[in-house]
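Start counting at 1 in the sequence shown, then tack on 39, and there's your number in the numbering used here. Only one structure is covered here, and it is reproduced in the block below.
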Amino acid sequence: MPNLLTRRLALLTEDANRALLGGLRGIERETLRVDSAGHLASTPHPAALGSALTHPEITTDYAEALLEFITPAESDIGITLDKLDTVHRYAYGRLGNELLWSQSMPSQLPAEADIEIANYGSSNMGMLKHVYRRGLALRYGKAMQCIAGIHYNYSLDERLWQLLAADAGTTSSASTGTTAKDIQSESYLATIRNFRRYSWLLMYLFGASPALSAGFLRERPHKLETLSDDTLFLPYATSLRMSDLGYQNDAQSGLRPHENSLEDYVSALTHAVNDPYPPYQALGTKKDGEWIQLSTNVLQIENEYYSTIRPKRVIRTGERPIQALCLRGVQYIEVRCMDVDPFEPVGISLETGRFLDAFLLFCALDESAPITAEQSACYTNNFARTVKEGRTPGLTLRRDGVEIGLQAWGEELLARIAPVAALLDARQGGKAHADSLAAQARKLADPDATPSAKVLAEVRANGGSFAAFGLQQSERHAAFFRTHPPTAEQSVYFDQLAASSLAEQSALETAPAGSFDDFVAAYRASTLCSHT
């Protein structure tokens, strides 16, 4: 009997079923605003870009200078990247002499006190977002929050899950208690479990942060090597951003939401946003009458959970992410481990997007058993080993209790993904997905072809200075966008979005509202759901 992946591929080869492979793709790209010397910009979020609180496509993340561009969800990653390109062109027309930093790891940062936390105005919702960031500064430090990444939002046609369930003999039924929502949620969680198994491969292929500014660590202990006076690195690292030098925290070290079921996942996060953490309790939520964090719990809100991938649902006004998942199930997944590609003006290439589509579809179609605690620890270790040592000659990872060479395992995975890429190419025409797989195979054969190796070579060519390389790339990208401004129609579109977002923020700030204390209390109370 053919295995599950082979059977599902055969099912989806049929013309009528192949149409179900569409789904939607969206990208969120983070990038720091810096001055002409590559230092963190000290200016407010440009008013010409609109309101960071209410603009649907241009906002800020942690710092006032950390822009986030959000594309609409599109049917093809090529369209998505065109939209991302347009928002970059528009933004550059309104940044004056400032640049968008080209790296995931931040530019030369000032003292902690001089890193301005993002401001969202005086409305209760705007203050909630700001105070949440005060809490992040308190818990993790401001430097860590200035790291930038690419978030890849991915979904498949909802009818696909029903087709696969029917093939497996499982259908939605009122008599069995199984619903279409349940089938879809479980299918996305199965995809996430496979992503956990194999995401080390993405770090090897696309990691682009093997070096960082010496001042980033703020005198924290580390085992990095010195490349120059202003730069630290690891010679075989792929993504220091995704290592324990980037996003890490003692409070979250024991937080591993179980992705074997939606109920387990929601329950773990619900407890984390409701369970006190003694070191945070000692700090309290206010100091001298001013809010310093939203709560003293393990997480202030569920988005504080630092994860390489998340199950997501578009939330409604006033709704929490946990509530949306509880009520309506998983709608899409958000891949959060991708570094900004410093060689691409928008931070990610179309070739990378094509591979991600094939990789994620493979994760969705392949067998995906529940993950044990021991397996989870093994997957975490494989990921950690790859981000710090991924290009080490002869590096091995652990699979099914035995060591296997990273290169050999990677080649096996590409061979298994190949028919998935072929299926996508048959649907879309051409061979873009197969070509992307071939490009990744070259990286496995030659570690010097990986982005991390290329970054390190360029840093060395710039006198060993991470800052000099970052500024060089930022200037190149700025020149590209400034010599290719948006069309008049595109400018009008974003001008209108900016104006309407400012009007929306103003309306929020002038509308009658209760006290901020009451607003926070109501927001925190809203985490309750039927799964807990």
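For glycine and all other residues, C-beta sits at the position ideal for the given N, C-alpha and C.
Residue range of the alpha helix (DSSP H) that includes residue i
i	result
Ile354	Taken as a continuous stretch (DSSP letters only), Ile354 belongs to no alpha helix (DSSP H), as it is neither H nor E.
Arg499	490-500
Ala250	Not the alpha helix (DSSP H): Ala250 falls in the beta strand (DSSP E), residues 250-252.
Glu413	412-428
Leu106	Per DSSP, Leu106 belongs to no alpha helix (DSSP H); it is in the beta strand (DSSP E), 105-109.
Ile231	219-237
Val441	Element bounds for Val441: not the alpha helix (DSSP H) but the beta strand (DSSP E), 441-444.
Asp534	527-549
Arg46	43-52
Ile361	360-367
Gln512	505-521
Tyr159	No alpha helix (DSSP H) holds Tyr159; DSSP gives it neither H nor E.
Asp396	389-404
Sheet register partners of residue i (DSSP bridge)
i	result
Gln467	The partner list for Gln467 (beta bridge, DSSP) is empty, contrary to what the question assumes.
Met377	Ile189
Pro315	Asn336
His78	Gln147
Lys325	Trp330
Ile118	Ile118 is not bridged to any residue.
Tyr371	Lys351
Ser278	Ser248
Ala176	None, per the DSSP bridge assignment.
Ala102	Ile156
Residue i and residue j closer than 8 Å at C-beta
i	j	result
Leu148	Leu79	yes
Arg172	Tyr101	yes
Glu451	Leu44	no
Thr309	Tyr319	no
Cys649	Thr277	This structure does not reach residue 649, given that the chain is present from 40 up to 571, and the question cannot be answered.
Pro350	Tyr191	no
Gly174	Leu333	yes
Ser540	His127	no
Ser267	Gly502	yes
Ala321	Leu294	no
Gly188	Ser513	no
Tyr129	Gly449	no
Ala561	His472	no
Arg359	Ser565	yes
Gln142	Gly429	no
Glu548	Ser81	no
Arg144	Ser238	Sequence inspection shows Met at residue 144; the Arg mentioned does not correspond to that position. Not closer than 8 Å, so no.
Phe520	Tyr131	yes
Thr347	Arg393	no
Which listed residue (the options) has its alpha carbon closest to that of residue i
i	options	result
Pro249	Asp327, Asp380, Leu301, Ala321	Asp380
Thr425	Asp439, Leu266, Ile443, Glu413	Ile443
Gly62	Asp115, Leu203, Ala253	Asp115
Gly245	Ala488, Ser554, Ala542	The question names Gly, but residue 245 is Phe in the sequence shown. If we check each option's Cα against that of Phe245, Ala488 comes out closest.
Asp74	Glu67, Ile109, Leu139, Leu92	Leu139
Pro315	Asn421, Tyr304, Ile340, Val498	Ile340
Ala205	Leu445, Ile222, Leu284	Ile222
Arg352	Tyr344, His523, Ala112, Ile372	Ile372
Ala182	Glu103, Leu92, Gln414	Glu103
Ala207	Thr522, Arg393, Leu404	Leu404
Leu199	Ile154, Leu50, Leu273	Leu50
Arg438	Gly132, Asn421, Thr270	Asn421
Phe272	Ala560, Pro524, Leu495	Leu495
Thr431	Ser81, Gly160, Pro274, Thr270	Pro274
Val459	Arg72, Ala561, Glu413, Leu399	Leu399
Ser504	Lys427, Asp269, Glu543	Asp269
Asp556	Leu134, Val170, Ala58	Val170
Glu107	Pro260, Asn136, Tyr131, Leu71	Leu71
Ala478	Thr391, Leu434, Phe519	Thr391
Ala480	Leu547, Ala307, Leu241	Leu241
Ala492	Lys427, Tyr237, Leu202	Lys427
Leu338	Thr324, Glu329, Ile348	Thr324
Asp124	Ile361, Asp464, Glu358, Glu67	Glu67
Ala55	Arg375, Thr218, Asp196	Asp196
Glu258	Ala363, Glu225, Glu151	Glu151
Thr119	Gly429, Gly386, Lys482	Gly386
Ala542	Ala58, Ala87, Glu69, Gly65	Ala87
Tyr193	Ala219, Thr419, Lys482, Leu395	Leu395
Ser545	Ala91, Leu364, Arg280	Ala91
Leu48	Leu462, Arg235, Thr99	Leu462
Range of the contiguous beta strand (DSSP E) that encloses residue i
i	result
Gly65	64-73
Arg1	Summary: the structure shown does not reach residue 1, with the chain confined to residues 40 through 571, and so no result is reported for it.
Glu137	Counting along the chain, Glu137 falls outside any beta strand (DSSP E), and DSSP gives it neither H nor E.
Phe272	270-272
Ile97	97-99
Leu266	264-267
Give a yes or no on contact between the segment 361-371 and the segment 149-167, applying the rule of three or more CB pairs nearer than 8 Å.
-> no
Below 8 Å, can you find three or more Cβ-Cβ pairs linking the segment 143-157 to the segment 520-529?
-> no
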